[in-house]
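Just below is one structure, and these are the notes that go with it.
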Amino acid sequence: MMDAKELIARRVAREIRPGTLVNLGIGLPSMVATFVPSDLGVYFQAENGVIGLGARPPEGMEECRLTDAGGGFVSAVPGAASIDSAMSFGLIRGGHLDMTVLGGLQIDESGHLANWKVPGKMVPGMGGAMDLVTGAARVVVAMQHSAKGQSKIVARCTLPLTALRRVDLVVTDLAVIEPTATGLILRERAPGVSVDDIRAATDAALVIPVDVPEMILA
Amino acid sequence: MKGALKPEAAAAMIPEAASLMIGGFMAVGTPERMIDAIVARGVGGLTVIANDTAMPGRGIGKLISAGLVRHVIASHIGLNPETQAKMISGEITCELVPQGTLIERIRAGGMGLGGVLTPTGLGTEVEEGKQVVTVEGNRFLVETPLKADFALIGAWQADYVGNLSYMLTAHNFNPIIALAGRTVIAEADSIVPVGVIPPDAVKTPGVLVDHLLIRAA
Numbered sequence: 002m003m004d005a006k007e008l009i010a011r012r013v014a015r016e017i018r019p020g021t022l023v024n025l026g027i028g029l030p031s032m033v034a035t036f037v038p039s040d041l042g043v044y045f046q047a048e049n050g051v052i053g054l055g056a057r058p059p060e061g062m063e064e065c066r067l068t069d070a071g072g073g074f075v076s077a078v079p080g081a082a083s084i085d086s087a088m089s090f091g092l093i094r095g096g097h098l099d100m101t102v103l104g105g106l107q108i109d110e111s112g113h114l115a116n117w118k119v120p121g122k123m124v125p126g127m128g129g130a131m132d133l134v135t136g137a138a139r140v141v142v143a144m145q146h147s148a149k150g151q152s153k154i155v156a157r158c159t160l161p162l163t164a165l166r167r168v169d170l171v172v173t174d175l176a177v178i179e180p181t182a183t184g185l186i187l188r189e190r191a192p193g194v195s196v197d198d199i200r201a202a203t204d205a206a207l208v209i210p211v212d213v214p215e216m217i218l219a
Numbered sequence: 002m003k004g005a006l007k008p009e010a011a012a013a014m015i016p017e018a019a020s021l022m023i024g025g026f027m028a029v030g031t032p033e034r035m036i037d038a039i040v041a042r043g044v045g046g047l048t049v050i051a052n053d054t055a056m057p058g059r060g061i062g063k064l065i066s067a068g069l070v071r072h073v074i075a076s077h078i079g080l081n082p083e084t085q086a087k088m089i090s091g092e093i094t095c096e097l098v099p100q101g102t103l104i105e106r107i108r109a110g111g112m113g114l115g116g117v118l119t120p121t122g123l124g125t126e127v128e129e130g131k132q133v134v135t136v137e138g139n140r141f142l143v144e145t146p147l148k149a150d151f152a153l154i155g156a157w158q159a160d161y162v163g164n165l166s167y168m169l170t171a172h173n174f175n176p177i178i179a180l181a182g183r184t185v186i187a188e189a190d191s192i193v194p195v196g197v198i199p200p201d202a203v204k205t206p207g208v209l210v211d212h213l214l215i216r217a218a
């Protein structure tokens, strides 16, 4: 059985369209790049200032001034450009970014995302998350379905929201869910997971179509 | 440009309780020798305006560890547990600002604009206490400009008149803060003769730079 994070990353990778500009959040979302074919013509943006992020360089060949938004060493692909933070967020906020993949703490029935703060416990700051959710053409949330036995998909977010915008797709280790104006539609099941399993693991109302196919992974 | 200074001479210009804009993203593009000189001088009560506070032992993290910072305006402090601990204990106050809003507030301050209208933060905690305006049917938060007493820049190359260029992801906040500091001090990895940085490659014109640090030993 595949690790839950890898399963999520492989499913999200199939959302990435050829020739687009994509921003991957730190942590699990960064794993998605591994499963995107290099001939797809996708440019990955890191909001600290590079379009055309590449894989980690060979050991001993890292450049200390070429990192991703988590501070890890990266390389750059042909056609890459380095940019300052105003340009980077102009791309994000100005509607030039085709897609972002972000982690999540909660998603609710309105499709609202909370992913930057747990009051009294974790106050790291929102970094670029609010701009990304506000400005990206498509927002995909990649997260585990539950944390500490609690569903992360809830009727209404109890944690502070990241933005008012409804996210476009949620991919978890159990399901693919599409938030819409009429609620959370269950689109796909993870391999070996039933609709009833998903319903039982979810603290929010799901709209369940007649056919809920199994995920196809990259 | 007024000439090249030793780091300790540059740090001596910074008074108690000064506000500092500091370039860098997780310490990439942060002027480390300048930071070390401020730590050595031990001048406290500082306000730091920057993307983040790096991590203990690097960049702005060294100012935090030394207890010299009173107030932070940043987008992310999550990778520096000391900043978080000092915020919880009340030693440091912290204003967390969305990254794209932070850089635009600095840009507005440096470019003589009265503020920024942005959709980022609408309907979230960031909106609290702020004016909301409607322009052409769309709602925006009004965000105020930011300036600082000093801008401390980390550059790749500087020439003798203070023109600066940056490398890869070490641009980040540096070219923008160069307009928003009342006194601008730049530290470059190398200092080259005028002309080595082609005019089209200059990202910060030397007229904005008040002081260069002398080359690294």
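As they're listed, the protein sequences go chains A and B. For any residue, its number in this note's numbering is found by taking its place in the first sequence, counting from 1, and adding 1. For any residue, its number in this note's numbering is found by taking its place in the second sequence, counting from 1, and adding 1. Don't be surprised by glycine CBs; every beta carbon is placed ideally from N, CA and C. No experiment lies behind these values; they were computed from the predicted model shown.
{"Query": "Touching by the beta-carbon criterion (3+ pairs, under 8 Å), the region 156–173 of chain B and the region 27–43 of chain B", "Result": "yes"}
{"Query": "DSSP-derived helix/strand/coil call for B/Ile-36", "Result": "helix"}
{"Query": "For A/Met-100, the residue or residues it bridges with in DSSP", "Result": "A/Val-23"}
{"Query": "Given A/Gly-20 as reference, the closest of A/Cys-65, A/Leu-41, A/Arg-66 once Cα atoms are compared", "Result": "A/Leu-41"}
{"Query": "Selection from B/Asp-37, B/Val-98, B/Met-88 that minimises the alpha carbon distance to B/Glu-188", "Result": "B/Asp-37"}
{"Query": "B/Phe-141 at chain A interface by Cβ criterion, 7 Å", "Result": "no"}
{"Query": "Cutoff 7 Å: A/Leu-165 Cβ touching any chain B Cβ", "Result": "yes"}
{"Query": "Below-7 Å beta-carbon distance, B/Thr-121 vs any chain A residue", "Result": "yes"}
{"Query": "Range of the contiguous alpha helix (DSSP H) that encloses B/Ala-217", "Result": "Run containing B/Ala-217: none; DSSP gives neither H nor E here."}
{"Query": "Simplified DSSP assignment, three categories, for B/Val-117", "Result": "strand"}
{"Query": "CB contact check: A/Leu-207 to chain B, cutoff 7 Å", "Result": "no"}
{"Query": "Cα-Cα separation between A/Ile-9 and B/Thr-145, rounded to whole angstroms", "Result": "40 Å"}
{"Query": "A/Leu-67: contacting residues in chain B (beta-carbon distance under 7 Å)", "Result": "Leu-169, Thr-170"}
{"Query": "B/Gly-138 versus B/Pro-176: straight-line alpha-carbon distance, rounded", "Result": "33 Å"}
{"Query": "The region 59–71 of chain B touching the region 46–57 of chain A, judged by at least three CB pairs closer than 8 Å", "Result": "no"}
{"Query": "Closest by C-alpha distance to B/Ala-55, when choosing among B/Asp-150, B/Asp-190, B/Gly-24, B/Gly-116", "Result": "B/Gly-24"}
{"Query": "Nearest-angstrom Cα separation, counted from B/Ala-12 out to B/Asp-256", "Result": "No information on residue 256 of chain B is available, as it lies outside the stretch 2 to 218 that chain B covers here."}
{"Query": "Residues, ordered as in the chain, of the region 126–159 of chain B that lie near chain A by beta-carbon distance below 8 Å", "Result": "Glu-126, Val-127, Trp-157"}
{"Query": "Near-chain A residues of the region 83–112 of chain B (beta-carbon distance less than 9 Å), N- to C-terminal order", "Result": "Gln-85, Met-88, Ile-89, Cys-95, Leu-97, Val-98, Pro-99, Gln-100, Gly-101, Thr-102, Leu-103, Ile-104, Glu-105, Ile-107, Arg-108"}
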